[in-house]
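> Pasting a structure here, questions to come.
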Amino acid sequence: MKKFLTSTVAVSALALMLGMTSARAEHAVDPNAKPGGAITITYKDDVATLDPAIGYDWQNWSMIKSLFDGLMDYEPGTTNLRPDLAESYEIAPDGKTVTFKLRQGVKFHNGREMTADDVKYSLDRVTNPKTQSPGAGFFGSIKGHDDVAAGKAESLSGVTVVDPYTIKFELTRPDATFLHVMAINFSHVVPKEEVEKYGADFGKHPVGTGAFKFAEWTLGQRVVFERNPDYWHKGLPHLDRITFEIGQEPIVALLRLQKGEIDVLGDVIPPAKFQEVMADPEQKARVVEGGQLHTGYITMNTTMAPFDNVKVRQAVNMAINKDRIVQLINNRGVPANQPLPPSMPGYDKEFKGYPYDVAKAKALLAEAGHPDGFDTQLFAMNTDPNPRIAQAIQQDLAAIGIKASIQSLAQANVIAAGGDKAGAPMIWSGGMAWIADFPDPSNFYGPILGCAGAVPGGWNWSWYCNKDLDAKAAEADSIVDPAKSGERAKMWSEIYGKIMEDAPWVPVFNEQRFTMKSPRMGGADNLYVDPVHIPINYDNVYVTDVQ
Amino acid sequence: MIAYLGRRVIQSVLILLGVSLITFALLYLLPADPVRQIAGRSATPETVENIRRQLGLDQPFFIQYWHYLISLLSGDLGRSYIQRSEVTELIVSRLPASLLLMVGAILCELAIGLTMGLVAAVRRGTATDQTLMVASFVGVSAPQFVVGLLLLYVFAVQLGWFPIGGYGTWRHLVLPSLTMGILGAGWYARMMRSSMIDVLRQDYMRTARAKGLARGAIIFRHALPNAILPVIAMIGIDIGIFMGGIVVVESVFGWPGIGQLAWQAIQRVDIPIIMGVTLVSAFAIVLGNLLADTVAPFIDPRIKLR
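Quick mapping for you: the protein sequence lines, in order, are chains W and S. By the numbering used here, the letter at position 147 of the first sequence is numbered 147, and the numbering carries on one by one without gaps. Each position in the second sequence, counted from 1, maps to that position plus 1000 in the numbering used here.
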């Protein structure tokens, strides 16, 4: 029997009982929301591109989500998957075939209807090496991906257009993360004719099916989105217009927010002003706090002496005073004891991790043959607060006799040193730390803790490679039955537990997000710290001062 | 004159070539892989190599440099690694803002600097003179980042006379121009003062006073025109200082010029933009110096071009 699934496990179970009907009901819209109004958001950096195949920074990530749609998305403010351009989907029992039924009547901003051919075209485009997409690697489980990646084929053989509203994917292996991959920006649907019209400049002239359509881009000054009146999701978006003002220093942006000139700080509240803002009840009331899928960690190069000795790595884990580091960042985070952040499925609440215990750390170091410690290097990014955090780590290490010299470098240089096997004994990940691409525990493994990432130029900076865990990870990811998602999460908890026994990392803290908004902004708090639409969910927020 | 100009143009081209070679080499030697930046953290090794090949970054250094020069000749500065737009387009779209800021800054520094220098020279040795010279010293030494934020806080946030950063109207231009101008004003005040003192010491000044001309007429009609010319000739050299200043000032005020573009590109190791902005700045500086040297003999006949 085939399983017919929709958004959540509960709904899919219901669908099963009803005998394969899919949930066609429109997604709920906030009844308090008033349509209309315009808001202004500021950013320090230029918007790099609005091409969904290329954009890969947290600034354009959610802008692209508002201009384009994918087959899947998440319920606003949550990490719960649900169909988006797809109306329903079905996964074959072997987990290797996934068929999506598309919504009918969805139109691109140029007026043409979106069909299954566009979905296929978009995926062929993103995986084609000529596109130079940073996301091409996410589609590795689709049949034919390797041929396209190698330039031997132009089209993914595993993607078949059954009819204009049905598309079938064949996978080389069961892949529990596949539906998440269908929700990331790289799989969002683009119209071929517009891509061909603008070529490499499509990212400056984006045309999608999203809630907003692109209206204006004045280089270096502003980007403007306007409501898409034909958006398929009735009742959305609420706002008529969003203006992104570019090139605003966060400190200047904060002053403007305080004066009521802008509505949302796109960048973080400047660290130097954070305590002042939080000490003022009126301003504090406009700050929304939320978790994010982030972990800051110290890597130890497991192929380099003395970090090739697990006891040394465990000793370092016990030497770091995480509470003090969290204080250093004005309590904008919570101490971490495992790689996964608390809001990620698979996070083990019972796990205690290594205690902060200097005496025990010293004893372990002596056991490992270093009673007097040793000299090493700690690499860190050179932007605040990372040098200060590196100094705190340096002091903690000194307390057990490890003399670490700090190499404070530009981001790209630290990344380069981490990707070189003989490059960096220790790295503080701040400023480059892992933020999940999608809310699934596997996303914290492969590139940063698995063997696949332990290659020159890779992101596994501790060069930790445990073949048994790789096999276990593959096994966990082959569990595609949503009814077994609890079992799968448990397997992942065990994998991360094992990793912590080997201690290639010191997990230090999980960063919290603080979004500051003007008093006129409406909508549930979780829309302002949306785990996927970062920093805010543009489609669902509204203003309260429209008539 | 023509031979001199020809020689100077050839020298300038050689300087620009040198700048391009040194910048290209420095960026090449940077221990950061631009392809990794483009490919992102989820890319497979094949994707990374594919991108490297397409961008020609697998070629030896001199071949890469040669290709860059060839495209440069046709005005093509390449495409940004991060933004994927043409660097020429990015620079051209931001150049007017930087030029506007430069004009504003020159007006500010001349207005403030020349006035200060003039008053100091006329009131030489008095408390006014000393106060002005200390002020000019502070102007020269104060970091522009601090000056910018200070002006922003006082005049935009507290008094509300000007907008808090941004671009568009003359009101937006005032504070960033002033921030840039204060630095130059310090220099001009000092130069103007010494130039004016020199002129006031001349014999014809004594004659003018002996003839019983009014003090105002002596200073404004006879001394000022002679004292101001050598100072004005320095503007060409200012361009170099401006090019350094706009990186800071444009970032503070959110001014959409090429300084801001450069600063963002440096943070993201976007090599084509860094190359492009460096070359455009070098070109502006070389041109400024050339102009300053060429106009000098028209202003001061004692200078001859050889």
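The beta-carbon is built from N, C-alpha and C at its ideal position, and this holds for glycine as well.
Identify every residue that forms a DSSP beta bridge with P83(W).
One-based indexing of the first sequence puts residue 83(W) at position 83. Paired residue(s): M72(W).
> Determine the contact status of P134(W) and S1042(S), defining contact as a CB-CB distance below 8 angstroms.
Here the question's residue 134(W) lines up with position 134 in the first sequence. Here the question's residue 1042(S) lines up with position 42 in the second sequence. Closer than 8 angstroms, so yes.
> What's the C-alpha gap between L1077(S) and P129(W)?
Numbered from 1 along the second sequence, position 77 holds the residue referred to as residue 1077(S). Numbered from 1 along the first sequence, position 129 holds the residue referred to as residue 129(W). L1077(S) and P129(W): Cα-Cα distance of roughly 23 angstroms.
> Could I get the ranges of all uninterrupted beta strand (DSSP E) runs contained in the region 158-210 of chain W, with 3 residues as the minimum, in chain order?
Runs found: 159-163 and 166-170.
> List, in order along the chain, the chain W residues whose C-beta lies closer than 9 angstroms to that of G1254(S)?
The residue labelled residue 1254(S) in the question sits at position 254 within the second sequence. In chain order: T42, K44, Q221, E245, I246, G247, Q248, E249, V252 and A253.
> Helix or strand or just coil, what does DSSP make of Q512(W)?
By 1-based counting over the first sequence, the position of residue 512(W) is 512. Of the three classes helix, strand and coil, the one that applies to Q512(W) here is strand, per DSSP.
> Select from S1177(S), V1013(S), R1053(S) and Y1028(S) the residue whose C-alpha is nearest the C-alpha of G1245(S).
The count along the second sequence starts at 1 and reaches residue 1245(S) at position 245. Out of S1177(S), V1013(S), R1053(S) and Y1028(S), S1177(S) has the C-alpha closest to the C-alpha of G1245(S).
> Using a Cβ-Cβ cut-off of less than 9 angstroms, give me the residues of the region 1167-1183 of chain S that come near chain C, in sequence order.
The structure shown has no chain C; the protein chains it does contain are W and S.
> In the DSSP output, what is R227(W) paired with across the bridge?
Here residue 227(W) corresponds to residue number 227 of the first sequence, with the count starting at 1. In the DSSP output, where bridge partners are listed per residue, R227(W) has F212(W).
> Output, in chain order, the set of chain W residues within a Cβ distance shorter than 8 angstroms of P1096(S).
The residue you call residue 1096(S) lines up with position 96 of the second sequence. Correct list: empty, because the minimum Cβ distance to chain W is about 11 angstroms.
> Does the beta carbon of N110(W) sit closer than 8 angstroms to a beta carbon anywhere in chain S?
Indexing the first sequence from 1 puts residue 110(W) at position 110. For N110(W), the answer is no, since every Cβ of chain S falls outside 8 angstroms of its Cβ.
> Could you spell out the range, first to last residue, of the beta strand (DSSP E) harbouring V334(W)?
Residue mapping note: residue 334(W) aligns to position 334 of the first sequence, counting from 1. Looking at the DSSP string, the run of the beta strand (DSSP E) that includes V334(W) is G333 to P335.
> Helix, strand or coil: which one does DSSP assign to A1043(S)?
One-based indexing of the second sequence puts residue 1043(S) at position 43. Reduced to three states, the DSSP call for A1043(S) is coil.
> With respect to the beta strand (DSSP E) encompassing Y496(W), which residues constitute its N-terminal and C-terminal limits?
Locating residue 496(W) in the first sequence gives position 496, where the first residue counts as 1. Where Y496(W) is concerned, there is no enclosing beta strand (DSSP E), although the alpha helix (DSSP H) it sits in stretches over S485 to D502.
> Distance cutoff 8 angstroms, beta carbons only. Does S1071(S) sit that close to anything in chain W?
Working through the second sequence from its first residue, we reach residue 1071(S) at position 71. Chain W contact via Cβ: absent.
> In chain W, which residues lie with their C-beta within 8 angstroms of the C-beta of A1039(S)?
Mapped onto the second sequence, residue 1039(S) falls at position 39. Residues of chain W passing the Cβ test: Q132 and P134.
> Could you name the residues of chain S that F178(W) contacts, counting a contact when the two beta carbons are closer than 8 angstroms?
In the first sequence, the residue the question calls residue 178(W) occupies position 178. Per Cβ cutoff of 8 angstroms: no residues; F178(W) is ~15 angstroms from chain S at best.
> What are the boundary residues of the alpha helix (DSSP H) that D375(W) is part of?
As a first step, residue 375(W) is located in the first sequence; it is residue number 375 there, counting from the start. D375(W) -> not in any alpha helix (DSSP H); beta strand (DSSP E) instead, spanning D375 to M381.
> Is P335(W) near V326(W), with beta carbons less than 8 angstroms apart?
The residue given as residue 335(W) occupies position 335 in the first sequence. The residue given as residue 326(W) occupies position 326 in the first sequence. In this structure, V326(W) lies closer than 8 angstroms to P335(W) by Cβ.
> Nearest-angstrom Cα distance between Q221(W) and V181(W)?
As a working note, residue 221(W) is residue 221 in the first sequence. As a working note, residue 181(W) is residue 181 in the first sequence. Straight-line Cα distance between these residues: approximately 33 angstroms.
> I need the DSSP call for I298(W), collapsed to helix, strand or coil.
Within the first sequence, numbered from 1, the residue matching residue 298(W) stands at position 298. Looking at I298(W) - three-state DSSP - the assignment turns out to be strand.
> For V546(W) and Q258(W), what's the separation of their Cα atoms in angstroms?
If you number the first sequence from 1, residue 546(W) lands on position 546. If you number the first sequence from 1, residue 258(W) lands on position 258. Rounded to whole angstroms, V546(W) to Q258(W) spans 21 angstroms at the Cα level.
> Spatial neighbours of A153(W) within its chain, please: CB distance less than 8 angstroms, with the 5 preceding and 5 following residues excluded, ordered by chain position.
Stepping through the first sequence from its first residue, residue 153(W) is reached at position 153. Correct list, in chain order: G144 and D147.
> How would you call N317(W), buried or exposed, if buried means at least 16 neighbouring beta carbons within 10 angstroms?
Looking up residue 317(W) in the first sequence gives position 317. Label assigned to N317(W): buried.
> Since F438(W) and L409(W) should fall inside the 8 angstroms C-beta cutoff, what is the C-beta to C-beta distance between them, to a whole number of angstroms?
Looking up residue 438(W) in the first sequence gives position 438. Looking up residue 409(W) in the first sequence gives position 409. Their Cβ separation, rounded to whole angstroms, is 30 angstroms, which puts F438(W) and L409(W) out of contact at 8 angstroms.
> Indicate whether A424(W) and W461(W) have their beta-carbon atoms separated by less than 8 angstroms.
Looking up residue 424(W) in the first sequence gives position 424. Looking up residue 461(W) in the first sequence gives position 461. Yes, Cβ-Cβ distance for A424(W) and W461(W) is below 8 angstroms.
> If the cut is a Cβ gap below 7 angstroms, which residues of chain S does P447(W) touch?
Taking the first sequence and counting its residues from 1, one reaches residue 447(W) at position 447. R1041 and S1042, listed in chain order.
> The region 45-71 of chain W: which residues have C-beta closer than 9 angstroms to a C-beta of chain S, in chain order?
Per Cβ criterion, the list reads D45, D46, V47, A48, T49, D51, I54, Y56 and D57.
> Indicate whether at least one CB of chain W lies closer than 8 angstroms to the CB of G1288(S).
By 1-based counting over the second sequence, the position of residue 1288(S) is 288. For G1288(S), the answer is no, since every Cβ of chain W falls outside 8 angstroms of its Cβ.
> Buried or exposed: which applies to W58(W), given that a residue is buried once 16 or more other Cβ atoms fall within 10 Å of its Cβ?
Taking the first sequence and counting its residues from 1, one reaches residue 58(W) at position 58. It is exposed - the Cβ of W58(W) has fewer than 16 other Cβ atoms within 10 Å.
> Answer yes or no: do Q1059(S) and Q132(W) have a C-beta to C-beta separation smaller than 8 angstroms?
As a working mapping, residue 1059(S) is identified with position 59 in the second sequence. As a working mapping, residue 132(W) is identified with position 132 in the first sequence. In this structure, Q132(W) does not lie closer than 8 angstroms to Q1059(S) by Cβ.
> By the DSSP assignment, the beta strand (DSSP E) with G291(W) in it spans what residues?
Locating residue 291(W) in the first sequence gives position 291, where the first residue counts as 1. Element bounds for G291(W): V287 to G291.
> For D530(W), collect the residues of the same chain with a Cβ closer than 6 angstroms to its Cβ; drop the 5 residues on either side in sequence, then sort them by chain order.
Start at 1 with the first residue of the first sequence, and residue 530(W) comes out as number 530. For D530(W), where only same-chain residues beyond five positions count, the Cβ hits under 6 angstroms are G77 and N537.
> Can you find a C-beta in chain S that's less than 8 angstroms from the C-beta of A454(W)?
In the first sequence, counting from the first residue as 1, residue 454(W) sits at position 454. Closer than 8 angstroms: no.
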